[in-house]
Structures are given as C-alpha cells and as structure tokens.
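Chemist: Before we start, here is the structure in question, set down as structure tokens.
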Amino acid sequence: MASALDLLPGTLDLMVLRALTLGEQHGYGVAETIHERTDGAFVLEEAALYKALHRLEHEGLLEAEWGVSENNRRAKYYRLTSAGRARLRKRVSEWRRYVAAVSKLLEPAPAS
Amino acid sequence: MKRRRLFRWPFRDRARIREDVETEVEHHLEVAARVLERGGLEREAARREARRRFGDVKRAKEELEAMDQRNERWARRQAWWGDLWRDLRHGARVLRRRPGFAGLAVGTLALGIGGTAAIFSIVWGLMLRPLPYGEEERLVAFWRPGHWSPAEFEVAREAGESFSALAAWSWDARTLRRGEGVARLESGVIATGNLFELLAAPPEMGSGLRWEDSRPGGEPGVVLSDGLWRDEFGGDPAVLGTTIRMSGEPRLVVGVMPPAFYFPTPEARYWIPLTLDRAESGYSGNHWLRIAGRMAPGVSTSDPGALAPIVAALGERFDYPPDWDKTRDASFEPLRQRLLGDQRPALFLLLGVVGVVLLMACANVAALLLGRTADRRSELAVRAAMGASRGRLARQLVSESVLMGLLAGALGAGLAAAGFRALVARLPLDPALVETLGVDWPLLAGALGLALAAGTLIGAAPLVGVIRGGLRGSLGGRRASGGGLTRGRLQSALVVTQVALAVILVAGASMLTRSLARMRAVDVGFEPERVLAVDAFAAGGDLDQDERRRFFPEAAERLGELPGVISSAAINRLPVRDGGYTSIAEPAERELGDAAPTVWWRVVTPDYHRTMGIRLLRGRGLSERDRSGAPHVAVINETAARALWPDGDAIGKRYTHGIDVEDEITVVGVVEDVRLAGPREPPVPVAYRPYDQASFVTSQGVMVIKTGGAVGPLAGQARALIQRLNPAVAVPRMASLESILRDSMADTSRIATFVALFAALALALGAIGVYGVVSYGVVRRRQEFGVRLALGSSPERLLRSVLGRGLILASAGLALGLAGLAALAGLVRPFVHDIAPLDPLSLAAAAAILTATAALASWLPARRAATVDPVNALRAE
Chain L
1 MASALDLLPG TLDLMVLRAL TLGEQHGYGV AETIHERTDG AFVLEEAALY KALHRLEHEG
61 LLEAEWGVSE NNRRAKYYRL TSAGRARLRK RVSEWRRYVA AVSKLLEPAP AS
Chain P
1 MKRRRLFRWP FRDRARIRED VETEVEHHLE VAARVLERGG LEREAARREA RRRFGDVKRA
61 KEELEAMDQR NERWARRQAW WGDLWRDLRH GARVLRRRPG FAGLAVGTLA LGIGGTAAIF
121 SIVWGLMLRP LPYGEEERLV AFWRPGHWSP AEFEVAREAG ESFSALAAWS WDARTLRRGE
181 GVARLESGVI ATGNLFELLA APPEMGSGLR WEDSRPGGEP GVVLSDGLWR DEFGGDPAVL
241 GTTIRMSGEP RLVVGVMPPA FYFPTPEARY WIPLTLDRAE SGYSGNHWLR IAGRMAPGVS
301 TSDPGALAPI VAALGERFDY PPDWDKTRDA SFEPLRQRLL GDQRPALFLL LGVVGVVLLM
361 ACANVAALLL GRTADRRSEL AVRAAMGASR GRLARQLVSE SVLMGLLAGA LGAGLAAAGF
421 RALVARLPLD PALVETLGVD WPLLAGALGL ALAAGTLIGA APLVGVIRGG LRGSLGGRRA
481 SGGGLTRGRL QSALVVTQVA LAVILVAGAS MLTRSLARMR AVDVGFEPER VLAVDAFAAG
541 GDLDQDERRR FFPEAAERLG ELPGVISSAA INRLPVRDGG YTSIAEPAER ELGDAAPTVW
601 WRVVTPDYHR TMGIRLLRGR GLSERDRSGA PHVAVINETA ARALWPDGDA IGKRYTHGID
661 VEDEITVVGV VEDVRLAGPR EPPVPVAYRP YDQASFVTSQ GVMVIKTGGA VGPLAGQARA
721 LIQRLNPAVA VPRMASLESI LRDSMADTSR IATFVALFAA LALALGAIGV YGVVSYGVVR
781 RRQEFGVRLA LGSSPERLLR SVLGRGLILA SAGLALGLAG LAALAGLVRP FVHDIAPLDP
841 LSLAAAAAIL TATAALASWL PARRAATVDP VNALRAE
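Have a look at this one:
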C-alpha cells in the first residue's frame with residue numbers, strides 16, 4: 001500500500017456528507033464508510049471527524065438523534081438534512097470542476 | 001423545501017452536553033476496539049490501538065464539549081428571539097381582538113408615560129440641572145425677610161470672612177432707545193461689579209464688570225445677554241466698546257454673556273453696576289438689595305456659624321426695630337433654591353398627578369392581563385403538558401404587556417414631544433425659565449424603560465400563581481375554583497387601589513375648583529369691565545421728577561379724549577398686578593408706636609376712583625384744586641380709616657406717612673376697599689395721593705381707560721398717542737383689567753384644569769375597574785344565582801347583593817384614598833385659598849362622585865345577575 005494521503009482542506013466535510021447519503025449512521029460508521037470507499041487512502045484523524053460532524057449538525061446540514069446501536073448501546077446517529085443534500089450537490093460539482101482544472105494543468109504539455 | 005420541526009430538541013445543560021460527548025466518543029472507541037479484536041488483536045492492545053487512531057481523546061472531548069456549548073447557546077438565543085417575535089405577533093392579535101379595552105389601556109399608559117416624562121424633563125431642567133455658574137453648589141443667598149441697604153451690604157462684606165465673595169443685586173428695568181426710534185423697556189439686573197466673578201461666569205466677549213465699577217465715579221457700563229445682543233444689535237461684535245442709551249443715560253457696552261448664561265432668570269437681559277456711594281441719601285435708608293455669596297474654601301455650605309461675624313457686625317452698627325431685626329434668624333440657603341424655589345410647589349403637584357395616572361394605568365393594564373390569563377388556562381395547560389417551560393409560558397403572557405408598554409411608550413414619547421411646548425405654556429411656571437427647557441430624551445428613555453419594567457412585573461405577578469398551581473385541574477375543562485378566587489382577590493386589590501388613586505385626584509380637583517370659584521366670586525372692589533390698563537415707563541434720564549409729575553396726568557387726560565372713552569386716569573401702581581410702596585402711618589393726634597399700621601401708598605389723578613368704579617363712601621374725592629402749594633390731602637380706603645381712627649370718622653383728620661411728604665396730610669374722603677394685593681389677599685389699608693403733592697413720582701405709571709365699547713381697538717391708539725407725546729417713554733405692555741384679574745388667578749386656574757382633566761381620566765379608569773371586577777364576579781357566580789333564584793330568592797335581593805359588592809370595593813378605595821389624601825394634602829396647599837386644606841365639602845363631593853360612579857359601574861352587571869335564567873345557568877356547567 002502506498003503511504004496514506006493527508007486530507008486537503010475542506011474535503012473532510014465533503015466526504016462526511018457523501019458518506020451519509022448512504023443512510024443514517026453513527027460516527028464510527030461514517031469513518032468506516034470513508035475508509036472503505038477510499039480504500040484507506042487517507043489518514044483520517046477521527047477526532048477531527050467528530051468535530052466536523054458536530055459542526056455540520058450545528059449548521060443544520062445534518063441532524064442527529066440518539067438511538068440504540070448494534071451492540072445495544074446508546075449511540076448518536078446522524079443523517080443528512082435537505083440543506084445538507086443541497087450543500088453536497090454544490091460541493092460535488094465544485095470539486096469536479098476543481099479536479100478537472102487542476103488535472104488539465106498537470107497533464108504533460110502536448111508536443112508542439 | 002424547508003420543513004418545520006414540530007418539536008425542538010430540548011435544550012441541554014452543561015452536564016448533559018458532557019455526558020453526550022462522553023457517550024458518543026466512548027461508543028466509537030468501543031466499536032473500533034471490537035473490530036480490531038475481531039481482526040486478531042488482543043483485547044487490551046485493541047483498545048489502545050483504537051484510542052491511538054482516534055487521536056488525543058481527552059482533548060477531542062473537551063473541544064467537542066466547548067463547541068457544543070457554544071452552539072447550544074447560539075441556538076437558545078435564536079429560539080428566544082424567534083419566540084419573542086411569535087409572542088409579540090400573538091400579543092398583537094390578542095390586543096386587536098379587544099380594541100376598546102386595549103386602546104384605553106395603551107392610551108392611559110401613554111398619557112402616564114408621556115406626562116411623567118415631560119414633567120420629569122421640567123423637574124430635571126429646573127431643579128436638578130446645574131445652574132450656569134462655576135461651582136454653583138458653593139453659592140448661597142442671604143436671608144429674608146426684608147432686603148438689604150448698601151450700608152448693610154458693606155458691613156456684611158467687611159465681616160464676611162467665611163465667604164470668598166459677596167455681591168449685592170436687585171432687579172432693574174430700563175428703557176433702551178436707539179437713535180430717534182421708539183423706546184423699549186428691558187428687564188435686567190443692577191449689581192455690584194463683582195457679580196460675574198462671584199458666579200464664576202466670564203463673559204463670552206469683553207471684560208465684563210469689575211468691582212471698581214461699583215465705586216463712586218465708576219464707569220457706567222453694561223453687560224448684555226446673548227438674547228438682547230442678538231435681538232437689538234443683530235449679534236454684531238462691533239457693539240462692544242460703543243455707548244448705548246439706557247433710560248436716557250449713556251452706557252458703555254463692556255461685555256456680552258454666553259447664550260446659556262442667566263441670572264437670576266432668563267428674563268434679565270442686561271447687567272449694570274450698582275454704585276456704592278456713602279454720600280447718597282439712600283445709602284443706609286433704602287433696603288432694596290439681595291445678597292449672594294460664595295462660600296470660602298473649606299467652609300461648609302450648611303454651617304450657619306459662618307454668619308456669626310456678620311450678625312455681630314450688623315448688630316454693632318445698626319439699631320434695628322424688632323420687625324426688621326436682621327440679627328435674628330440669620331441664615332442662608334443655596335442660591336439654586338432661592339432662584340428656582342418658587343417653581344417647586346407646582347412641579348411637585350404636577351409630578352404627583354401624572355405619577356398617580358401612571359400608577360392607575362399600570363393597574364389597568366394588570367387588570368386587563370389578569371382577565372386574559374383566566375380565559376387562557378386550558379391553552380396554558382396544554383402548552384405546559386407539551387413541555388413548554390414555566391418561563392416560556394410566563395414570557396408569552398408578559399409579552400402582551402411588553403407590547404402594550406412599547407406601544408404606549410412610543411405614543412407617550414410622541415405625546416411628550418408634540419405637546420411639550422403646549423404643556424409647559426399651560427403650567428403655572430415661570431415662562432422665562434421654562435423657555436430654556438425641552439424634552440429630555442435620555443430621561444424619556446429612562447421613563448419608558450421604567451414603565452416597561454413596571455408593566456412586565458405587574459403582568460407577571462398574577463401569572464406566577466396560575467403557572468405554578470392552577471394548571472393541572474384545567475385540562476378537563478372545569479375551572480379550578482382556587483385559582484379563580486386568587487384572581488378575584490388580586491383584581492379586587494387592584495380595583496381598590498384604582499379607586500383610592502381616583503379619590504385623591506377627584507378630591508384634589510374639587511378642592512382646586514372650589515378654591516378657584518371662591519376666588520372668582522371675590523368682590524375685588526373695582527369694576528374691571530371695559531377698562532384698559534396702559535403701562536408707561538418714563539426713565540429718569542429722559543424725564544425728571546417734575547416732568548414725570550406732569551407727564552402721567554397729561555397722558556391720562558389725552559387718552560380720555562380718544563373716541564368712545566368714558567373716563568381715564570393715572571396711577572403709579574396698578575392694583576392686583578403690581579406690588580407697591582408701603583410704610584408706617586400715624587394719626588397726627590396720637591402716637592401709636594409699634595401699633596401704627598403699615599399703609600400702602602398710591603399716587604393717582606382725580607378721576608382714578610371714578611374710572612375704576614371704586615365708590616366714594618364719605619367726604620370728597622381728589623380734585624384739580626389739590627395742587628402743590630395747596631394743603632396736603634389724601635383719600636383713604638375704609639380699612640385705612642378703621643386702622644388709623646378705630647373710634648371715629650376719618651374725614652378731616654390728619655396723619656403722617658413714612659414714604660410721603662413730611663407734612664401732615666388731611667383726609668378728605670374715604671373710598672371702598674379694593675383687593676390691592678389680589679383676590680386671594682384680604683384688603684389692605686391704602687392712602688391715595690394726588691400726583692402734584694406726592695413726595696415722588698416713579699418711572700412707572702399706569703393709565704386706566706374706561707371705554708363704552710371694546711377695549712381691543714383702543715390699545716393701538718393709546719400706544720401711538722403716548723409715544724407721540726414723548727418718544728422716550730416706553731409702553732411695555734397693555735392689557736384689559738379683566739385679563740389682568742384672570743392672570744392673577746392663572747396659577748390656580750391652570751393647576752385646577754390640569755388636575756381636573758386627569759381626575760376625569762382617573763374616574764373613568766376607576767369605573768372600568770369596578771365594572772370589570774363586579775361583572776367577573778357575576779359570571780363566576782351565575783350558577784349560584786341560578787340556584788338562589790330557583791329556590792325563591794327575589795331578583796332584587798341578588799341585585800342588591802351584587803351592588804353591595806361593588807360599593808364595598810368603592811368604600812375600601814375611598815377610605816384608602818382619603819388616608820392618602822391626608823398625606824398628600826401638602827402638595828395642593830400652595831394653590832388652595834380661602835378653604836381648609838382638607839376642605840370637608842370637597843371631600844364629600846369627591847366621595848359622592850366616586851360612590852355614584854361605582855354604583856353605576858356595579859349596577860350594570862348586577863342587573864345581569866338578577867335576570868339570570870335559572871334553567872340555563874344550571875345547565876351551563
């Protein structure tokens with residue numbers, strides 16, 4: 001496995017929102033989803049993940065509810081709000097344009 | 001689309017946030033450890049690895065906690081404002097549903113707030129705002145009664161080591177004439193040259209006056225007020241150092257004062273130096289000065305011992321008769337008190353009146369809210385059951401009173417701003433002083449805040465009981481009778497208070513009205529109808545004694561030739577309006593000593609009594625034959641005749657008068673009494689003397705003109721005629737005798753109008769209060785009435801019992817109000833004359849008015865009680 005990547009600023013929010021499109025999850029679930037779907041490409045500090053979750057909840061992009069987890073313990077479940085969904089759409093399209101632009105720049109210069 | 005959440009996540013406290021963060025993070029670590037364990041790690045190692053991957057667990061927890069707390073606070077604030085907005089809109093809907101009642105509540109509250117703010121602005125401006133002098137709290141005024149002679153002042157000045165400076169001053173009036181223009185009369189002050197130094201008030205321009213100006217031979221200068229400088233000299237700085245003509249004498253303009261300066265009131269528009277000349281005849285004989293002083297550093301303004309050296313020096317130097325002994329009762333008071341003290345009684349009374357109305361308005365709002373809470377018990381109970389906190393419920397209810405307070409505050413502020421000028425013009429206050437005032441906005445904001453706070457408290461007090469106790473039973477639809485009773489009692493207490501306050505105002509108003517009626521009914525002794533009084537001021541520098549002696553009678557005679565004039569005359573001082581000269585008179589045939597009466601002194605032309613409609617009782621009137629050189633004669637009034645010759649006829653008797661010539665004067669006639677000092681004061685002894693024989697003729701003279709037609713059109717002709725006769729003579733004012741008489745009662749009449757207006761308002765509020773509480777009682781006891789009627793009780797009996805309840809409330813209020821009145825009577829006393837301070841008739845009238853109002857207000861609901869249909873009433877519950 002190649003050495004893990006550091007996160008670019010702002011991408012954590014994007015990843016959290018995306019992870020929650022799969023349905024209601026608790027914090028560990030979100031971390032796991034990100035890990036799995038990125039093939040463990042990133043070093044994800046879990047403390048930062050929780051801070052992001054709390055912040056997004058306060059901003060109204062997520063809402064949280066206490067529920068009972070698979071191991072029968074009290075756990076906090078997060079889900080996307082409609083505002084969160086809208087934000088995700090916006091951020092995804094921004095991200096695509098960003099990546100496309102940067103990629104274009106990085107491509108080997110065409111022989112002239 | 002935005003979805004509204006039906007239930008808000010309940011707000012979390014600190015401990016709860018900590019617990020939540022703890023649970024969430026620990027849950028994560030546990031799951032992570034379990035997964036690692038499943039992957040083959042040993043249990044302890046798995047837990048360590050989970051924590052390592054998480055990062056700094058302790059710090060993360062702290063940060064999450066802090067973040068959540070911040071967010072929580074923010075959300076709480078958001079919710080609070082959102083709820084407030086909803087509550088206010090709700091409150092507005094509720095108020096709109098009862099526009100009449102709400103309008104009355106808001107209207108009275110607005111009157112109370114606006115009135116209190118306006119009056120407080122005046123109180124602040126007149127009583128509390130510092131005078132425009134440096135360290136004004138160290139300035140004092142010397143004692144009364146009696147004024148000071150220049151000699152006394154100089155003795156006091158030499159002995160006054162407790163004072164860093166003493167100045168003597170007096171009011172002054174002088175004509176100002178520019179070129180050949182018309183002379184105008186100005187009021188000002190004549191004072192020792194150190195006045196401005198004493199006041200620590202330097203002029204805006206120029207050097208001002210100096211102590212040297214008061215020495216004999218000093219420069220006759222004048223300092224102008226900012227107002228006079230602008231009005232008369234167009235604000236031109238070049239006037240400084242020029243000479244102007246005042247009362248016919250040249251005066252050098254040596255200064256202009258700043259706009260904010262006044263002394264003693266803004267009416268004074270110039271200051272000229274007083275000359276202390278030992279060689280002058282009045283130096284020790286004329287007592288006409290007031291003394292102001294500045295306490296020396298280190299001497300307390302409340303130390304009466306500071307006067308001891310002055311008193312000792314006065315006693316050593318002067319031989320005082322007992323009535324004028326300045327060595328007794330020596331004292332001083334703060335200058336501020338002396339200058340502004342006259343305004344105090346009126347201000348305190350006005351403040352009391354608007355304060356009472358504000359209180360009543362608050363009680364009214366509270367009663368209104370009280371009525372509303374009872375109607376909403378089930379609504380409140382539902383909300384409480386759904387988890388609304390008590391504070392939240394209370395706030396919802398209080399927001400209505402806050403809304404009313406805000407409305408009333410805005411309205412009151414508008415009223416105060418718009419009506420301030422009109423209000424102060426109608427108050428019995430010195431117009432020149434009031435001129436300088438305006439609405440004090442910070443003060444108004446303060447009053448508004450206070451009213452809001454009061455409204456909120458009053459609104460909240462009755463709610464506490466409702467929220468704490470009364471809700472549980474309310475859901476089922478049946479009213480909890482305990483809560484109802486509490487409400488009844490509270491409402492009764494409010495109504496009793498309202499009635500008590502109304503009693504105070506109504507009794508005050510009836511006392512003032514009665515006093516005014518008595519004053520109006522007084523026979524002043526002259527006939528003021530169709531008489532015009534024209535003031536003329538012939539200054540000493542323009543007309544000397546002999547010229548004045550001729551001028552006033554001649555002016556009167558010429559005025560008599562105007563078309564429509566029946567008769568005309570001149571007098572040195574008008575009755576009622578003008579004070580006058582008095583001194584001791586003694587019959588020629590015996591010494592009265594200390595028993596000699598003080599007799600007022602008037603100088604008149606022969607037609608004076610006829611023009612004024614004062615009847616001659618015995619002897620003859622003055623005539624053209626009573627000239628200089630002829631025997632000295634006088635006409636005296638009845639009171640003087642009785643005082644000088646209690647046992648016999650005064651005609652032909654002779655007397656001497658301190659202020660008059662040294663010769664004996666023969667009484668040739670006795671006229672009826674006149675209320676010389678105004679309708680409030682009893683008649684005083686008066687001697688009338690002809691112009692040709694009087695010891696001196698003052699600058700001031702008043703021409704009285706009796707006309708067959710209207711007085712108004714005559715005024716212009718009169719002024720023109722006098723100024724044609726001599727352009728140096730000023731005509732400062734003209735007025736009909738009737739208006740002068742009215743003005744003499746203006747203070748009482750203005751106060752009476754003001755109090756009567758507010759008393760009517762208070763009465764209406766009181767009536768509404770009684771009506772509200774009695775009709776609520778009737779509604780509550782409907783069932784009981786039904787049963788009683790069904791059991792054979794007569795409707796009249798029910799009617800009587802309900803009526804009785806209203807009257808009991810009214811009597812309680814009445815008793816409380818009368819007790820309060822006894823405590824407050826002092827406020828009205830300065831404006832009440834000729835009747836006892838607690839005039840029984842006025843009190844009885846107030847009691848009767850209140851009882852009748854309460855009876856009427858109770859009768860309407862009582863009739864409803866008597867006409868209850870027993871069947872319906874019993875079915876209703």
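Chains as they are written, first to last, in this note's numbering: chain L, 1 to 112; chain P, 1 to 877. We treat Cβ as the ideally placed atom computed from N, Cα and C, and that holds for glycine.
Compute the Euclidean distance between the alpha carbons of P/Thr265 and P/Glu154, then round it to the nearest angstrom.
Modeler: Straight-line Cα distance between these residues: approximately 25 Å.
Chemist: In chain order, what residues of the same chain have a beta carbon less than 6 Å from the beta carbon of P/Ser583, not counting five sequence neighbours either side?
Modeler: Correct list, in chain order: Gly658 and Ile659.
Chemist: At what residue ranges does the region 503-586 of chain P contain a whole run of the alpha helix (DSSP H), taking only runs of 4 or more?
Modeler: Listed in chain order, they are 545-559.
Chemist: So is P/Val254 buried or exposed if we call it buried at 16+ other beta carbons inside 10 Å?
Modeler: Buried, by the Cβ-count rule.
Chemist: Can you grab the Cα-Cα spacing for the pair P/Ile113 / P/Val832, in whole Å?
Modeler: Distance between the alpha carbons of P/Ile113 and P/Val832: 27 Å.
Chemist: Taking CB distances under 7 Å as the criterion, tell me whether L/Met1 reaches chain P.
Modeler: Note that L/Met1 scores a pLDDT of 42, beneath 50, so its modelled location is shaky; the value from the coordinates is reported in the next line. False, the Cβ-Cβ gap to chain P never drops below 7 Å.
Chemist: With DSSP run on the structure shown, which of helix, strand or coil describes P/Trp81?
Modeler: Correct three-state label for P/Trp81: helix.
Chemist: Give me the residue from P/Ser401, P/Glu158 and P/Arg174 with the minimum Cα distance to P/Ile244.
Modeler: Minimum Cα distance to P/Ile244 is reached at P/Arg174.
Chemist: Please determine, among L/Gly29, L/Ala48 and L/Glu65, the residue with the shortest C-alpha to C-alpha distance to P/Lys58.
Modeler: Among L/Gly29, L/Ala48 and L/Glu65, the Cα nearest to that of P/Lys58 belongs to L/Ala48.
Chemist: Interface residues of chain L around P/Leu64 at Cβ under 8 Å?
Modeler: Here the neighbours are Tyr50, Lys51 and His54.
Chemist: Identify the continuous alpha helix (DSSP H) that holds P/Glu204 and give its terminal residues.
Modeler: Looking at the DSSP string, P/Glu204 is not in any alpha helix (DSSP H), and its letter there is neither H nor E.
Chemist: Can the beta-carbon of P/Arg514 be found closer than 7 Å to that of P/Ser842?
Modeler: Yes, these two residues count as a Cβ contact at 7 Å.
Chemist: In three-state DSSP terms, what is P/His287?
Modeler: Note: P/His287 maps to coil in three-state DSSP.
Chemist: What number of angstroms, rounded off, separates the C-alpha of P/Leu809 from the C-alpha of P/Ile835?
Modeler: The straight-line gap from Cα to Cα measures roughly 30 Å.
Chemist: Could you give the residue range of the beta strand (DSSP E) that holds L/Leu80?
Modeler: Residues Arg74 to Leu80.
Chemist: Since P/Asp535 contacts P/Val731 with CB under 8 Å, what's their CB separation in whole angstroms?
Modeler: That belief holds up - the Cβ atoms of P/Asp535 and P/Val731 are roughly 7 Å apart, short of 8 Å.
Chemist: Of the choices P/Leu252, P/Arg269, P/Trp324 and P/Ala312, whose alpha-carbon is the least far from that of P/Asn286?
Modeler: Minimum Cα distance to P/Asn286 is reached at P/Trp324.
Chemist: Return yes when the Cβ of P/Leu574 is within less than 7 Å of the Cβ of P/Ala718, no when it is not.
Modeler: In this structure, P/Leu574 does not lie closer than 7 Å to P/Ala718 by Cβ.
Chemist: Under 7 Å Cβ to Cβ from P/Leu818, same chain only, skipping five residues before and after it: list those, please.
Modeler: Only Val503 and Leu843 meet the Cβ criterion.
Chemist: Given that a residue counts as buried once 16 or more other Cβ atoms are within 10 Å of its Cβ, and exposed if not, what is L/Ser82?
Modeler: Counting Cβ neighbours within 10 Å, L/Ser82 comes out exposed, since fewer than 16 surround it.
Chemist: What are the start and end residues of the alpha helix (DSSP H) that includes L/Lys51?
Modeler: Segment Glu46 to His58, the alpha helix (DSSP H) holding L/Lys51.
Chemist: State the DSSP-derived secondary structure class of P/Asp743, mapped to helix, strand or coil.
Modeler: The answer is helix: DSSP assigns P/Asp743 an H, G or I state.
Chemist: Thinking C-alpha only, which one of P/Arg724, P/Leu393 and P/Phe420 is nearest P/Leu111?
Modeler: Closest by alpha carbon: P/Phe420.
Chemist: Is P/Arg138 closer than 7 Å to P/Arg14 when the C-beta atoms are compared?
Modeler: Going by C-beta atoms, P/Arg14 is not nearer than 7 Å to P/Arg138.
Chemist: Which first and last residues belong to the beta strand (DSSP E) in which L/Asp13 is found?
Modeler: It is not in any beta strand (DSSP E) - L/Asp13 instead sits in the alpha helix (DSSP H) that spans Thr11 to Leu20.
Chemist: Determine the extent of the alpha helix (DSSP H) in which P/Gln343 is found, giving its start and end residues.
Modeler: Counting along the chain, P/Gln343 falls outside any alpha helix (DSSP H), and DSSP gives it neither H nor E.
Chemist: Would you tell me roughly how many angstroms separate the C-alpha atoms of P/Leu406 and P/Ala79, rounded to the nearest one?
Modeler: Whole-angstrom Cα-Cα distance: 22 Å.
Chemist: List the DSSP bridge partners of P/Ser801.
Modeler: The partner list for P/Ser801 (beta bridge, DSSP) is empty, contrary to what the question assumes.
Chemist: In angstroms, rounded to a whole number, what distance separates the CA positions of P/Ala569 and P/Thr611?
Modeler: For P/Ala569 and P/Thr611, the distance between alpha carbons rounds to 7 Å.
Chemist: Please list the segments of the alpha helix (DSSP H) lying wholly inside the region 260-309 of chain P, counting only runs of 4 or more residues, in order along the chain.
Modeler: Those alpha helix (DSSP H) runs which fall completely within the region 260-309 of chain P and span 4+ residues are 282-285.
Chemist: Secondary structure at P/Val356, three-state DSSP: helix, strand or coil?
Modeler: Helix.
Chemist: Could you tell me whether any Cβ in chain L is nearer than 7 Å to the Cβ of P/Thr853?
Modeler: Chain L contact via Cβ: absent.
Chemist: Between P/Leu347 and P/Ala760, what straight-line distance do the alpha-carbon atoms span, to the nearest angstrom?
Modeler: Looking at the two C-alpha atoms, the distance is approximately 20 Å.
Chemist: Consult DSSP for P/Tyr320 and reduce its assignment to one of helix, strand or coil.
Modeler: Residue state, collapsed to three classes: coil.
Chemist: Give the interface partners of L/Glu45 over in chain P, defined as CB-CB distance under 7 Å, in chain order.
Modeler: Ordered by position in chain P, the residues that pass the 7 Å Cβ test against L/Glu45 are Gly55.
Chemist: So which of P/Arg550, P/Asp226 and P/Asp647 has the shortest CA-CA distance to P/Thr639?
Modeler: Here the closest residue by C-alpha is P/Asp647.
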